[in-house]
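This note's numbering applies: residue 17 is where the sequence shown begins, and numbers increase by one.
Worksheet for the structure shown next.
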Amino acid sequence: MTTQQQLELICAGTSSVIPQDELAKKLAKKQVLTIKLGVDPTGSDLHLGHAVALSKLRQLQDLGHEIILLFGTFTARIGDPTGKSKARVPLTPEHITEHMKTYTQQVEKILDMSKVTIRYNGDWFDAFSSKQWIELCSRVTLARIIERDDFAKRLADKQPIALHEILYPVMQGYDSVVLKSDIELGGTDQTFNLLMGRTLQEQYGQEPQVIITMPLLEGLDGVQKMSKSYNNYIGLSESASSAYGKIMSISDELMWRYYQLLLLKTPQEVAQIKQDVADQKIHPMDLKKQLAHGIVERFWSKTEADESQAQFEALFQKRDSCAATDFVLTIDQQQLKLIDLIKMLEPNLSMTQIRRLIADGAISINEIKQSDAMQLVDISERLTSDIVIKVGKHKFFKLK
């Protein structure tokens, strides 16, 4: 593959490459480039939003470049202040270690982990002396730090900014110095932090890294970026059927973004699919099923994609209650309050979340919407007939 062909492939689907001419020079000069992607283990789940950057990383891996996956075991204790109106709650080392346990298993759905170097920034920052901190901080001005949109906004709103938050982009930039990265990937919201890496590499006498920013994937609400904080995400560790159902719940407008960012369809291909819908060659529902199947096949497996689609069709199109998840009640009561019953089915939901679902008409029993959280449900009927409970848009339970 020529340098120009590789350049075009790498740039495809990105938001920006800064600066593109430097990337061309790096590709022409070095056969193998060092590519860095940093991830702070602030939660136990990676989601499809992370998959956008990881997919580009896999493309670079397939081109023969060296991939470094950097886990921010030190920076996660601070938390990235990007886009935040107040300081994050600090994480303990114990929380970070717990979150790390499933990360590799989730990442290997996308990357060939046998060809990935894993590093932890706690390896160098935990050993940093006071002298080293002063020397590092002396290379960055406060004026440069408060250029950040989120910091500038907080200052304008008279909201506090803690000193440890100011250090976050400096530490992320120093990671690039340690790793001597040629390229760093990140979302568009990470541009400031990524550019800090270029600044510090130059100050330490290194050739500055090229920045590749990837589009941010909108979450299920179609408004905010996909994030656990907004509870609008599809986790890479959740079941294939759950992921399939969530994808089927997104808006038709958001569907095009998912085709482009998760199934890597080109703008031209998406335009053609839109035209096929306009010409009534394909129904939007069938198109969304193809999207859900394609995403589950890509990040889970074809077998699970086939099974998830069959289950979805049975539940939503054939109204087959046999496809619902069985839930065995081991209590003697004949009746339960609706809110308590839903809590048993979905223990991860708070009582406030359950009340909101009920108020929004998102809970139904045998296809009848429920509106009273304190209503008594006769669960003894499960002994003689099916009781199928729908929670949200895509979860069904059959009481046993």
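Note that the Cβ used here is the ideal one computed from N, Cα and C, for glycine as well.
Test item: CB-CB of residue i and residue j under 8 Å
| i | j | result |
| --- | --- | --- |
| ILE298 | ILE263 | no |
| ILE429 | ARG214 | A question about residue 429 goes unanswered here, because the residues of the chain that appear run from 17 up to 416. |
| TYR275 | SER324 | no |
| TYR184 | GLY65 | no |
| GLN22 | LEU53 | no |
| VAL186 | LEU152 | yes |
| ILE381 | ILE405 | yes |
Spatially closest choice to residue i from the options, by CA coordinates
| i | options | result |
| --- | --- | --- |
| LEU277 | LEU236, LYS244, MET230 | MET230 |
| THR118 | GLN225, HIS63, LEU201 | HIS63 |
| ASN137 | ILE182, SER396, VAL194 | VAL194 |
| PHE328 | LYS409, GLY88, LYS131, SER145 | LYS409 |
| THR50 | LEU85, GLU320, GLY189 | LEU85 |
| ALA224 | ALA330, ASP165, GLN36 | Correcting the residue identity first, residue 224 is Pro in this sequence and not Ala. Considering only alpha carbons, the answer is GLN36. |
| ILE126 | GLN188, THR368, THR133, LEU70 | LEU70 |
| LYS414 | LEU365, GLN391, MET360, THR368 | MET360 |
| PHE208 | GLN148, GLN188, ILE94 | GLN188 |
Limits of the alpha helix (DSSP H) - the one that residue i falls within
| i | result |
| --- | --- |
| ILE250 | Looking at the DSSP string, ILE250 is not in any alpha helix (DSSP H), and its letter there is neither H nor E. |
| ILE26 | 19–27 |
| VAL407 | From DSSP, VAL407 is part of no alpha helix (DSSP H) but of the beta strand (DSSP E) over 404–407. |
| PHE144 | Here PHE144 belongs to no alpha helix (DSSP H), and DSSP marks it neither H nor E. |
| VAL193 | 179–195 |
| ASP356 | 354–361 |
| LEU158 | 158–161 |
Alpha carbon of residue i to alpha carbon of residue j, nearest angstrom
| i | j | result |
| --- | --- | --- |
| ALA326 | LEU307 | 14 Å |
| ASP237 | GLU269 | 11 Å |
| LEU73 | THR204 | 15 Å |
| VAL393 | LYS353 | 6 Å |
| THR18 | SER265 | 42 Å |
| ASP295 | THR108 | 56 Å |
| ALA375 | LEU279 | 35 Å |
| LEU171 | ILE161 | 12 Å |
| ILE150 | TYR190 | 13 Å |
| PHE315 | GLU24 | 25 Å |
| GLY235 | ASN247 | 8 Å |
| HIS442 | THR89 | Outside the shown range of the chain (17 to 416) lies residue 442, about which nothing can therefore be said. |
| ALA321 | THR133 | 30 Å |
| ASP166 | GLU218 | 25 Å |
| LEU179 | VAL156 | 14 Å |
| LYS411 | LEU331 | 10 Å |
| SER154 | ALA92 | 23 Å |
| VAL48 | ASP173 | 46 Å |
| SER257 | THR319 | 11 Å |
| ARG135 | LYS290 | 43 Å |
Chain-order list of residues whose beta-carbon lies under 7 Å from that of residue i (same chain, five-residue window excluded)
| i | result |
| --- | --- |
| GLY59 | HIS115, LYS244 |
| PRO363 | none |
| VAL286 | TRP272, TYR275, GLN276 |
| GLN77 | ILE83, LEU127, ASP128, LYS131 |
Beta-carbon contacts of residue i that lie in its chain and below 6 Å, excluding the five residues immediately before and after
| i | result |
| --- | --- |
| CYS27 | VAL33 |
| LEU39 | VAL33, VAL226 |
| LEU373 | ILE379 |
| LYS281 | TYR275 |
| GLN350 | SER396 |
| GLY377 | LYS385 |
Chain-order list of residues whose beta-carbon lies under 8 Å from that of residue i (same chain, five-residue window excluded)
| i | result |
| --- | --- |
| MET271 | PRO300, LEU303, LYS304, LEU307 |
| ASP388 | LEU354, ILE374 |
Segment limits, beta strand (DSSP E) that includes residue i
| i | result |
| --- | --- |
| ARG1 | Because residue 1 is not part of the residues shown, which for the chain are 17 to 416, the question remains open. |
Contact test: residue i Cβ vs the ligand MG heavy atom, cutoff 7 Å
| i | result |
| --- | --- |
| MET242 | Inclusion of the ligand MG in the displayed structure is not the case, the ligand content being empty and no account of it being possible. |
Residue i at chain E interface by Cβ criterion, 8 Å
| i | result |
| --- | --- |
| LEU354 | Going by chain labels, chain E is absent from the structure shown, which holds only one protein chain. |
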